[in-house]
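To start, the structure itself, in structure tokens.
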Amino acid sequence: MSRRRSRSNEPPRLRRGDATRKVSHQMLEAQRAEQRGELPRPTVAPSSMPRIVYAVPGAPVRTDLHPAMLRELVVREGFPGVLWVDIDNESRHQVALLEKVFDFHPLAVEDALNPQSRVKIDAYRNSLFVIVRGLRFCENTDDPYDVETYNLCFFMAKNLLVTVHSGPSVPVDVVYERMVANPDQLERGAERVAHALMDITVDEYFPVLDKIDEFVDGLEERVYQRFDQDVMRDVFAVKRLVLAMRRHLMPQREVFSVLTNRPTPFLPPESQVWFRDIYDHVLRINDSVDTYRELLANVMDSYLSQVSNRLGQVTKGLSVIATLSVPFVVVSGMWGMNFEHIPLSGQAHGFWIMLAVQLGLGGFLIWLLRRWGLL
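Numbering (my numbering), first residue to last: 56 to 430.
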């Protein structure tokens with residue numbers, strides 16, 4: 056009897072379905088309150104508001120959460136469904152939302168707002184912070200080798216994903232449209248959204264690799280088929296591009312190695328197989344970069360060898376010319392001295408005799424050089 060009374064005094068436990076209905080009811084009430092004017096409407100332009108996707112099993116996906124509703128949802132622990140908030144750090148309103156609504160570590164927030172932060176992975180008390188770097192060719196430039204990099208930052212917690220980037224982001228646009236069209240993918244977990252974003256970010260390296268492959272093929276053709284004196288300038292430009300890719304890939308390999316091989320907070324163990332696929336892509340890109348480095352080194356060696364051979368041919372030709380001119384210089388110098396009594400100086404045919412001697416000596420030197428294989 057006492058056991059029954061003690062159970063009746065306990066507060067009723069909230070099941071998952073009840074929690075879902077409760078949150079949906081709270082959102083509906085907040086939306087009605089907003090329509091009645093009891094909740095303040097956003098005073099900023101819609102473009103200054105972050106993109107929000109909230110998926111609850113059995114309920115339609117929400118993309119129009121009010122900041123007050125978002126704050127109420129975030130402060131609750133164990134809210135049902137999955138919430139993804141995308142923040143552009145170029146908008147001060149979105150940055151203020153990141154700093155005030157979410158209880159992330161200040162150091163992680165500082166790194167997320169700094170576009171020069173290095174690629175890293177840090178685990179905090181209430182979140183997992185990851186920075187992934189993307190790379191793509193610049194569009195508005197005349198330099199075909201000019202690339203730009205960008206950081207995509209991730210705050211991962213239970214049922215929550217917050218992404219931070221600077222300006223428009225192709226991976227975010229693609230995944231956002233995908234999640235809105237297919238909310239079932241978002242309902243599988245925040246780590247699945249993070250995986251999709253990281254996968255597209257890493258895959259953007261492959262078009263750059265394809266372009267580098269075209270550059271290397273063109274450089275090899277210019278070196279082996281037609282000698283181009285400007286090839287070294289392009290070789291060094293492509294080499295700088297390859298080294299830049301390698302510099303950005305090295306820390307990302309460590310990040311995805313941690314996500315794949317080590318227990319990570321806020322990531323279920325079954326999600327490691329998804330990040331292993333990205334890790335394989337990073338390794339493949341890194342191997343391709345090393346291959347292109349070797350090919351560029353071979354192109355450079357071939358170019359220097361051809362330059363050395365051409366220099367040797369020119370030096371050889373100049374040496375032959377200098378050798379053949381020796382008889383003419385010697386004979387002309389001897390019989391051109393300013394003395395009164397020089398043999399053949401008074402002969403009527405002295406000039407022709409000296410010319411014949413010079414030509415004879417020149418012919419003899421030509422025969423001698425050919426016999427020695429120097430001509």
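Just so it is clear, CB atoms sit at the ideal spot from N, CA and C, and this is done for glycine as well.
Handout entry: Segment limits, alpha helix (DSSP H) that includes G417
Key = Element bounds for G417: G405 to R426.
Problem - Counted within 10 angstroms of its Cβ, other Cβ atoms place V217 as buried (16 or more) or exposed - result: Label assigned to V217: buried.
Exercise for the section: Determine the contact status of L190 and H303, defining contact as a CB-CB distance below 7 Å. Expected result: Yes.
Problem - Residues sharing a beta bridge with E203, DSSP - result: Bridge partners of E203 according to DSSP: R191.
Practice task
With DSSP as the reference, please indicate the residues paired to I376 in a beta bridge.
Solution key: I376 pairs with nothing; no bridge assigned.
Handout entry: Under the three-state DSSP convention, the category V111 falls into
Key = In the structure shown, V111 sits in coil (DSSP, three-state: anything other than H, G, I, E or B).
Exercise for the section: Would you kindly report the start and end of the unbroken beta strand (DSSP E) that includes K175? Expected result: For K175, the enclosing beta strand (DSSP E) begins and ends at K175 to A178.
Practice task
Confirm the yes/no value for this check: CB of R365, any heavy atom of the ligand HEM, distance under 6 Å.
Solution key: In terms of ligand content, the structure shown is empty, and the ligand HEM therefore cannot be addressed.
Practice task
Please confirm whether R331 and T315 have their CB atoms less than 7 Å apart.
Solution key: Yes, the Cβ-Cβ distance between R331 and T315 is below 7 Å.
Handout entry: First through last residue of the alpha helix (DSSP H) which encompasses T315
Key = Note, T315: alpha helix (DSSP H), V286 to N316.
Problem - Test item: CB-CB of V137 and N214 under 7 Å - result: Contact flag set, yes.
Problem - Cβ neighbours of L120 in the same chain (closer than 8 Å, five flanking residues each side left out) - result: The answer, listed in chain order, is M82, I107, Y109 and L128.
Problem - Selection from R247, R277 and L416 that minimises the alpha carbon distance to M355 - result: Closest option to M355, judged by alpha-carbon separation, among R247, R277 and L416: R277.
Problem - Assigned secondary structure, T370 (DSSP; H/G/I helix, E/B strand, else coil) - result: Residue state for T370 is assigned as helix, using DSSP reduced to three classes.
Practice task
Just the C-alpha distance for L379 and V386, rounded to the nearest angstrom, thanks.
Solution key: One C-alpha to the other measures close to 12 Å.
Handout entry: Where the alpha helix (DSSP H) through L3 begins and ends
Key = Because residue 3 is not part of the residues shown, which for the chain are 56 to 430, the question remains open.
Practice task
Tell me, to the nearest whole angstrom, how far the beta carbon of D254 is from that of I333; I am working on the premise that it is less than 8 Å.
Solution key: So it is a contact: roughly 5 Å between Cβ atoms.
Practice task
Could you round the C-beta distance between D177 and A167 to whole angstroms and report it? I think they count as a contact, below 8 Å.
Solution key: The C-beta distance from D177 to A167 rounds to 11 Å, too long to meet the 8 Å contact threshold.
Exercise for the section: Assign L351 to buried or exposed, taking buried as 16 or more other Cβ atoms, counted over all protein chains shown, within 10 Å of its Cβ. Expected result: With a threshold of 16 other beta carbon atoms within 10 Å, L351 meets it and is buried.
Practice task
Measure the Cβ-Cβ separation of V297 and Y347 and say whether it is below 7 Å.
Solution key: A contact, by the Cβ cut-off of 7 Å.
Problem - With 16 other Cβ atoms within 10 Å as the buried cut-off, status of P135 - result: Counting other Cβ atoms within 10 Å of its Cβ, P135 reaches 16 or more and is therefore classed as buried.
Exercise for the section: Taking H153 as part of the alpha helix (DSSP H), name the residues at either end of that continuous run. Expected result: Residue 153 is actually Leu in this sequence, not His. Looking at the DSSP string, the run of the alpha helix (DSSP H) that includes L153 is R147 to V156.
Handout entry: Range covered by the beta strand (DSSP E) that runs through D141
Key = From DSSP, the beta strand (DSSP E) with D141 extends over V137 to D143.
Handout entry: Alpha-carbon spacing of A114 relative to V290, whole angstroms
Key = Between A114 and V290, the C-alpha separation is close to 57 Å.
Problem - Neighbourhood of K294 by C-beta, 7 Å cutoff - its chain only, sequence neighbours within 5 removed - result: Listed in chain order, the non-local C-beta contacts of K294 below 7 Å within the same chain comprise L351, local neighbours out to five positions each way being set aside.
Exercise for the section: Could you tell me if E246 is buried or exposed, where buried requires 16 or more neighbouring beta carbons within 10 angstroms of its beta carbon? Expected result: Looking at its Cβ environment, which holds 16 or more other Cβ atoms inside 10 Å, E246 is buried.
Exercise for the section: Would you check if the distance between the CB atom of L264 and the CB atom of P226 is smaller than 7 Å? Expected result: L264 places its beta carbon 7 Å or farther from that of P226.
Exercise for the section: Quickly, what does DSSP pair F209 with across the bridge? List them, please. Expected result: DSSP lists V185 and T218 as partners of F209.
Practice task
Using only alpha-carbon positions, find the residue among S221, V185 and P170 that is nearest to S312.
Solution key: Ranked by how close their Cα comes to the Cα of S312, the residues S221, V185 and P170 have V185 in first place.
Practice task
Give me the Cα-Cα distance between Q327 and F270, rounded to the nearest whole angstrom.
Solution key: Using only the alpha carbons, I get a separation of about 36 Å.
Problem - Proximity below 7 Å, CB of Y358 to CB of V248 - result: Against a cut-off of 7 Å, the Cβ pair of V248 and Y358 comes out as no contact.
Problem - Burial state of T256, where buried means 16 or more other Cβ atoms lie within 10 Å - result: So T256 counts as buried.
Practice task
Confirm, please, whether the CB-CB distance from M300 to V344 is below 7 Å.
Solution key: Yes, they are a contact pair.
Problem - Distance CB(V174)-CB(R188) smaller than 7 Å - result: Contact flag set, yes.
Exercise for the section: Would you check if the distance between the CB atom of Q149 and the CB atom of P122 is smaller than 7 Å? Expected result: No, the Cβ-Cβ distance between Q149 and P122 is not below 7 Å.
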